[in-house]
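Residue numbers (this note's numbering), protein chains in the order written: chain A, 9 to 192; chain B, 5 to 228; chain C, 140 to 364. The beta-carbon is built from N, C-alpha and C at its ideal position, and this holds for glycine as well. One structure below.
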Amino acid sequence: MNAALAKCKLHLKRSALLLCLSLIIGVSLGAADLLLSPRILANREAETTGQIPALVPGSTHSRRQTSPAGDIHAAFNETDALQGWVLPVSGRGFAGPIELLIGLTPARERVTGVYILAQSETPGLGSRITSPTWLNEFKTRPESGRYRLGRDIDGLSGATISSAAVVDAVNQALDTLAKPQEAF
Amino acid sequence: MNSESGPTPTERFINGILPENPVFRQLLGLCPVLAVTASLASALTMSAAVLFVLLCANVCISLIRHLLRPHVRIVVFTLIIAGFVTLVDLLMGAFFYPMSKLLGPYLPLIIVNCIIICRCEVCASRQTPLHAAADAIGQGLGFTLALGALGAVREVLGAGSLLGHRVLPAAWPEQVVMILPPGAFFAFGLLLAALNALRSARTARRLNPSPTESLAWKPSEASC
Amino acid sequence: METLGSLLLIALGAALIHNFVLSYFVGICPFIGVSRRVDLAFSMGCAVTFVVCVAATLSWTLTTFLLKPFGLGILTYISYIVVIAASVQFVELYIRKAHPPLYKSFGVYLPLITTNCAILFTCLEISKNTLLVSSAEAWGLHQALALALGGGAGFTLAIVLMSGLRQELEFCDVPKAFQGIPIVLIVAGVLALAFMGFTGSDQGLANAFRAGEVQVSALAEGVTP
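Okay, here's the thing in structure tokens:
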């Protein structure tokens, strides 16, 4: 019994440094987390909300809501009047997922802007989907209500799959959101 | 104490930059060297993060070097490094958010970067904090030099720009492969070959009787 | 998302489409250091695959049941590195007791695997898909294991290919400046170029799996497709 206790004590003594160290690291990291995590969260949020004024003309601020298509941001102007919506969606591109933001009119039947949040397409080829000139083509409303690659939207040569992924994602967003007209 | 003897802080500092450059001479920590050098900005950010962690870990371990026991030494190193890497990750997320998103998993992978463990073992666990700090800064600058060189070459050839500013005329056909994964291997291989050629030319000029010796690489076998 | 197809996509993605070594550059040091002989390279690949599976299981369990419910995301890196060190120790003990001949061939590399970034990278990918997403989208253990198996297989494939090429390289007249590591890196670059050919195939595979599922479900309902 005594031998076991002594052994235990020895082990404790040997690992005292490790224990103290873990404690110090744990406490200091906890403090750093408390200090910095609000900022990190704000950064993560600003990634989306910072784009909203450009995507919905006339809007100054936004509020996050839930919709049938997931989270959606409602965009308002200075007098708190609804200016439009911004929907984050993702599509499968050539080399990985493409995350994009779609700006919509208050009735959600027209696109006011598209922004690529994240993509990993081939630099110089697929990555041209981020070019504002190409993305601006989405602002012209297609006659059929759906965007068709090659007619309403130019297919980017060398980036067919990437551009088709963006067009599909926008069409899908319009399909899910334009039908139920009630406000959410 | 005998173990306190060794290279002086100045020697440690200078050694890290070229004579014992962690990347070119010791071939340590190759993951970030290849992974984040597609642009100069990400390469420099990564180097700064590694330099910070290396400096903090080296000084901390040097301060507690008399308390270290042989069998828990590596665990202590790893614990301290992991703590500082978490701190860097938080700081980057708070103050350089776009960069932290770009570096992604390679930032936490600093924990298993063998340069840091290697310096803790070779220098910090044996010498004073001053030596350890000089060593960390030297090795960190050596690492920065390597990453900066690769990042600059790859960004100029692959995108025609440097730190996002266009430096080559628009007529330059961008070699996209240089900023893709294969380009990392090509650029680093060619850079090492150029250094080899340079060194063997210099030894030939000095009529060094053993030119092969300078070509001997010591890759860290399985770790990293 | 629970289908076999999605698991296969994760595994193939890690093994071929975004190969751990040739696309993500994790595990570069063993890729260069232990690729002189095919048999040793294969042993190394198997050891890494084994450890990565154990570490993935442990880190998934830890993340799902401890780190996420208690909001301990700050300890992710520290706990993962402890888990990896522990699983390497565990694997070493197990192999030494259960398969002594295997231990002899692996033995040297096992402790070094602790600092192999492929392992930590896998754990980090798992944490990205469990810790940072909503519970509905969070990965299950099967998805974590698919990534680990695929990644390990991809690492083994890359290192075995490389060692085969290096054995041939010994008979080649390599320019003096390129002898040693530089030529290995150039060859690795060509390999990476070859593997880039797989890019984009995941979309085709996903469509094929979806079509297959529709057919299977139609058959199950007794309707001819």
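For A/LEU25, the closest of B/SER51, B/VAL76, B/ASN25, B/ASN19 by C-alpha to C-alpha distance is B/VAL76. At a Cβ-Cβ threshold of 8 Å, C/ALA285 and C/VAL187 do not count as neighbours. The beta carbon of A/LEU26 falls within 8 Å of a beta carbon belonging to chain B, placing the residue at that interface.
Judged by DSSP secondary structure, A/TYR123 falls outside any alpha helix (DSSP H) and instead within the beta strand (DSSP E) spanning 119 to 126. Residue contact with chain C for B/THR148: absent (no Cβ-Cβ distance below 8 Å to any residue of chain C). The Cβ neighbour count for C/ARG176, taken over all protein chains shown within 10 Å, is under 16; the residue is labelled exposed. DSSP, read as helix, strand or coil, puts C/TRP199 in helix. Judged by their CB atoms, A/GLY66 and A/PHE102 are not nearer to each other than the 8 Å cut-off. Exclusion of the five residues before and after B/PRO133 leaves VAL63, SER66, LEU67 as the residues of its chain whose Cβ lies within less than 7 Å of its Cβ. DSSP places A/TRP93 inside the beta strand (DSSP E), whose first and last residues are 90 to 100. The criterion of a C-beta distance shorter than 8 Å is not satisfied by B/LEU199 and B/GLY144. Between the alpha carbons of C/GLN342 and C/PHE317 lies a gap of roughly 39 Å. A/GLY132 has a beta carbon lying within less than 8 Å of a beta carbon in chain B.
Its chain contains ILE161 as the residues whose beta carbon lies nearer than 6 Å to that of A/GLU145, once the 5 sequence neighbours on both sides are disregarded; these appear in chain order. At a cut-off of 8 Å, the C-beta of B/ILE183 has no neighbouring C-beta in chain C. Looking at the DSSP output, A/ILE106 sits in a beta bridge with A/GLY99. Within the segment 205 to 221 of chain C, those residues whose Cβ lies closer than 9 Å to any Cβ of chain A are, in chain order, GLY212, ILE213, LEU214, ILE217. Assignment of beta-bridge partners to A/ILE80 by DSSP yields A/GLN73.
From the beta-carbon of B/ARG77, no residue of chain A is found nearer than 8 Å; the closest lies around 10 Å away. The segment 23 to 35 of chain B and the segment 89 to 96 of chain B do not touch, with fewer than 3 CB-CB distances between them shorter than 8 Å. For A/ILE169, the nearest CB of chain C lies under 8 Å from its own CB, placing it at the interface with that chain. Considering only beta carbons, the part of the segment 21 to 49 of chain A lying closer than 8 Å to chain B consists of ARG22, SER23, LEU25, LEU26, LEU29, SER30, ILE33, SER36, LEU37, ALA40, ASP41, LEU44, SER45, ARG47, ILE48, in chain order.
In the structure shown, B/LEU149 adopts helical secondary structure according to DSSP, grouped into three states. Apart from sequence neighbours up to five positions away, the residues of its chain that approach C/GLY212 with a beta-carbon distance below 7 Å are LEU206, LEU270, ordered along the chain.
Residue pairing by DSSP places A/LEU112 opposite A/TRP93, A/VAL119 in a beta bridge. At a Cβ-Cβ threshold of 8 Å, C/VAL173 and C/ILE298 count as neighbours. Taking C-beta separations shorter than 6 Å and ignoring five residues to either side along the sequence, the partners of C/LEU155 in its chain run PHE337, following chain order. Only those residues of the segment 324 to 340 of chain C whose C-beta falls short of 8 Å from the nearest C-beta of chain A are listed: THR338, GLY339.
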